[in-house]
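Novice:
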Amino acid sequence: HTSVFAAGEDSALTGVIRELVTTIGHTDNELDRSMLFRDLGAKYVKTMRQALDIEAPFFVDKLLGNFWQIGWIRMLLPAAKIVHVWRDPIDTCLSQYRQPFEGSLGVLTADLVTCGEFYKIY
1300 HTSVFAAGED
1310 SALTGVIREL
1320 VTTIGHTDNE
1330 LDRSMLFRDL
1340 GAKYVKTMRQ
1350 ALDIEAPFFV
1360 DKLLGNFWQI
1370 GWIRMLLPAA
1380 KIVHVWRDPI
1390 DTCLSQYRQP
1400 FEGSLGVLTA
1410 DLVTCGEFYK
1420 IY
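All letters in the sequence shown, in the order written, are residues 1300 to 1421 by my numbering.
In structure tokens form, the structure reads like this:
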């Protein structure tokens, strides 16, 4: 669809959540926390739009580990639509195994047994 940009699997959200976690303990009241969520959510969107030259009104970040961040995503981006796409577990694990990932996801998808364990967590 022309209104949606496929941003792939980007780790910018992880960086914003790290900043949030290290900062939130230093906020004294609910208003400060609300502003922190709003500001960091806007920072994430701006970072993604600039880094990937996104002009479409919407973008999709399909990083595998985003399911761990659903709570943070809801607070940072309350208007965001979260689309859960389900596939057959065997197809999913084989696809992850065949695709070389970097960082912690590379470890989680390096062999089929670990892929299966990762899927069970999901």
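Ideal Cβ positions, reconstructed from N, Cα and C, are used throughout, including at glycine.
Can you tell which of 1349, 1308, 1320 has its C-alpha closest to the C-alpha of residue 1395?
Specialist: 1308
Novice: With C-beta atoms as the reference, is residue 1355 less than 8 Å away from residue 1310?
Specialist: Against a cut-off of 8 Å, the Cβ pair of residue 1310 and residue 1355 comes out as no contact.
Novice: Which whole-angstrom value describes the C-beta separation of residue 1339 and residue 1319, a residue pair presumed to lie in contact below a C-beta threshold of 8 Å?
Specialist: 5 Å
Novice: Which class does residue 1400 belong to by DSSP, given the choice of helix, strand or coil?
Specialist: coil
Novice: Can residue 1321 and residue 1335 be called in contact, C-beta distance under 8 Å?
Specialist: no
Novice: Please classify residue 1343: is it buried, with 16 or more other beta-carbons within 10 angstroms of its beta-carbon, or exposed?
Specialist: buried
Novice: What do you reckon, are the CB atoms on residue 1407 and residue 1413 nearer than 8 Å?
Specialist: yes
Novice: Of all the options 1391, 1359, 1388, 1411, which has the alpha carbon lying nearest to the alpha carbon of residue 1300?
Specialist: The shortest C-alpha separation from residue 1300 is found at 1359.
Novice: Can you give me the start and stop residues for the beta strand (DSSP E) that residue 1305 sits inside?
Specialist: 1303-1305
Novice: So the candidates are 1418, 1390, 1397, 1374; which of them puts its Cα closest to the Cα of residue 1332?
Specialist: 1374
Novice: Using CA atoms only, rank isn't needed, just tell me which of 1381, 1304, 1316 is closest to residue 1352.
Specialist: Selection 1381, 1304, 1316 evaluated against residue 1352 yields 1304 as nearest (Cα-Cα).
Novice: Would residue 1363 and residue 1392 be called neighbours here (beta carbons separated by less than 8 Å)?
Specialist: It is not a contact, given that the beta carbons lie outside the stated cut-off.
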